[in-house]
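Right, one structure below, let's go through it.
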Amino acid sequence: MSVIRVENLSKSYGKVKALRQVGFEVAEGEIFGVVGPDGAGKSTLFNILTTLLLPDTGNAYVFDKDIRKDYLEIRKHIGYLPGTFSLYPDLTVEENLIFFATMYQSSIRDNMVLIKPIWKQLLPFKKRFAGKLSGGMKQKLALCCALIHKPSLLFLDEPTTGVDPVSRKEFWEILRSIKNQGITVVVSTPYMDEATLCDRIALLQEGAFIKMDSPANIINGFQGNLVTLQTEDIFSLLNLMQHCGLNCTFYPYGEHLHVIFYDSLETALPKFEVFLQENNVTYQDIRQIDPNIEDCFISIVEKGGDASR
Ligand code: ADP
Ligand code: MG
C-alpha cells in the first residue's frame, strides 16, 4: 500500500522553480530517501507533504488524504523533524517532550517504548535547556518529540546535517529501529553516503527527480567505467582535463580525481595515460573502481537526467 502518492507537484517562489513536476509513491514500511544538494528543493517538498505549504500545481496524498483539503487529518498521523531547529531552546529537554506530548494529547508513558533507546541517552541532560545541547543531542530530542504521538509516518528533513560522524551513524541505526516498529520513514540528506542506508532513494536536482530506485539498482545501472587516481595538484589537473579530448566526465573526489569514461577502458585508459604523461602530470594509484551513489548522481546529472526513471 502507498502511504504517499505525489503527482506532478510544482512549486515556485517568484522566479525560482523549487519543484518541477515531481511524482512518486512511498510504500508502507519503507525508508525513502530524498537525496540532493543544497537548494535542490528537499525542504519545499517536505513542507508540502507535511501540509505546511501549498503547491502551485499537482496533487499529493498522504494516507489517501488530500494535502490541500484533509490537512488536519494528515497532521494527526505524521511526525515531522524539520531542517531548522524546531524545539523550544528555553525549555528543558524534559519540558520539550512534555510540551509536544500534551500538544498531541498523547501520553509519554504509553509511547515511551517507541523512544526509549533514544530517551535513555537524553536522560542525563533532562534538566538542561534544549538550546544548550550539542547538535547530535538536539536532533535526538527533536526525534523524540516528533515520535511521542506515535505517528505512522515520519518525515525527517536533513536530520544529520551538522551532526558529527559518530552521531550520524547512531542516528541511522535509530531510523532502522523506527522502521522495524512499522513506521514509514521519509528522510532527506545532502550526504550521498547515507543514501545507501535507505530502501529506496530519489535523487533530486534543481527541483526535479533525476532518478528513483533502490541504491543497489542505481549503482548497478551506472553507465560508464569509473577510474580513480591520486595526484599532488588536483586543481591544475582539473584545468588540464578540460582539454583532454576524451569522452569522459571528471571531478574531484576528496584527494582523488574520478573520471567516468564512456568508452571501453581498453581504448580510453591508454589514451588517458599518454595525455597525463605528455602533460608531465605526476600521479599514482590509477585504477578502475566500483561507483558509489555520488558517482551515479554526477553521471546522471551530466547526462541531463535519466529517461528510464
Ligand atoms: P533544499 O532544502 O534542498 O536546500 P529548498 O526547498 O529549501 O531546498 O529550496 C529550493 C529552492 O527554493 C532554492 O533555490 C531556495 O533558495 C528557494 N527557496 C526556498 N524557500 C524559499 C522562500 N521562502 N522564498 C524564496 N525562495 C525560496
Ligand atoms: Mg532544506
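Residue numbering for the sequence shown follows my numbering, beginning at 43 and increasing consecutively. Here a beta-carbon is modelled for each residue, glycine too, at the ideal position from N, C-alpha and C.
Contact check between the stretch 217–232 and the stretch 325–332: fewer than three CB pairs, one atom from each, fall below 8 Å, which does not count as touching. Taking the C-beta atoms as reference points, residue 190 is found nearer than 8 Å to residue 157. Listed in chain order, the non-local C-beta contacts of residue 269 below 6 Å within the same chain comprise 301, 330, local neighbours out to five positions each way being set aside. Those residues having their beta-carbon less than 5 Å away from any non-hydrogen atom of the ligand ADP are, in chain order, 55, 58, 60, 80, 81, 82, 83, 84, 85, 86.
In the pairwise beta carbon analysis, the stretch 72–80 is classified as not touching the stretch 51–59: fewer than three pairs are separated by under 8 Å. For residue 125, the distance from the CB to the nearest heavy atom of the ligand MG is below 7 Å. Counting of Cβ neighbours within 10 angstroms places residue 309 among the exposed residues, the total staying below 16. Looking from the CA of residue 152, the closest CA among 143, 266, 84 belongs to 143. Setting aside the 5 residues that flank it on each side, residue 83 is surrounded in the same chain by 60, 61, 246, 249, each with a C-beta closer than 7 Å to its C-beta; the list follows chain order. If you compare the alpha carbons of 147, 201, 314, 71 with that of residue 305, the shortest gap goes to 314. Looking only at 186, 164, 297, the smallest Cα-Cα distance to residue 150 is reached by 186. The beta-carbon separation of residue 236 and residue 214, rounded to 7 Å, stays under the 8 Å limit for a contact.
DSSP, read as helix, strand or coil, puts residue 269 in strand.
Between residue 96 and residue 46, the gap from beta carbon to beta carbon reaches 8 Å or more.
Boundaries for residue 43: no alpha helix (DSSP H) harbours it, and the DSSP string shows neither H nor E there. Given a length threshold of 4 residues, each whole run of the alpha helix (DSSP H) inside the stretch 112–159 is given here in chain order: 113–119, 135–145.
Beta-bridge pairing by DSSP links residue 302 to 268, 291. Taking the C-beta atoms as reference points, residue 172 is found nearer than 8 Å to residue 131. Inclusion of residue 256 and residue 242 in the CB contact set at 8 Å is warranted, their separation being smaller than that value. Assigned with DSSP and collapsed to three states, residue 49 falls in strand. The distance from the Cβ of residue 184 to that of residue 129 is about 6 Å, consistent with a contact at the 8 Å cut-off.
Taking the C-beta atoms as reference points, residue 138 is found no nearer than 8 Å to residue 99.
The criterion of a C-beta distance shorter than 8 Å is not satisfied by residue 344 and residue 273. Assigned with DSSP and collapsed to three states, residue 102 falls in strand. When DSSP assignments are scanned along the stretch 211–258, the uninterrupted stretches of alpha helix (DSSP H) that are 4 or more residues long and fall wholly within it turn out to be 234–237.
Note that the C-beta distance between residue 271 and residue 299 is below 8 Å. Annotation for residue 297: no beta strand (DSSP E) segment contains it, and DSSP assigns it neither H nor E. Relative to the non-hydrogen atoms of the ligand MG, the Cβ of residue 236 never comes closer than 7 Å to any of them. Between residue 117 and residue 86, the beta carbon gap of about 18 Å keeps them out of contact (Cβ cut-off 8 Å).
Here the C-alpha atom of residue 102 lies approximately 53 Å from the C-alpha atom of residue 323.
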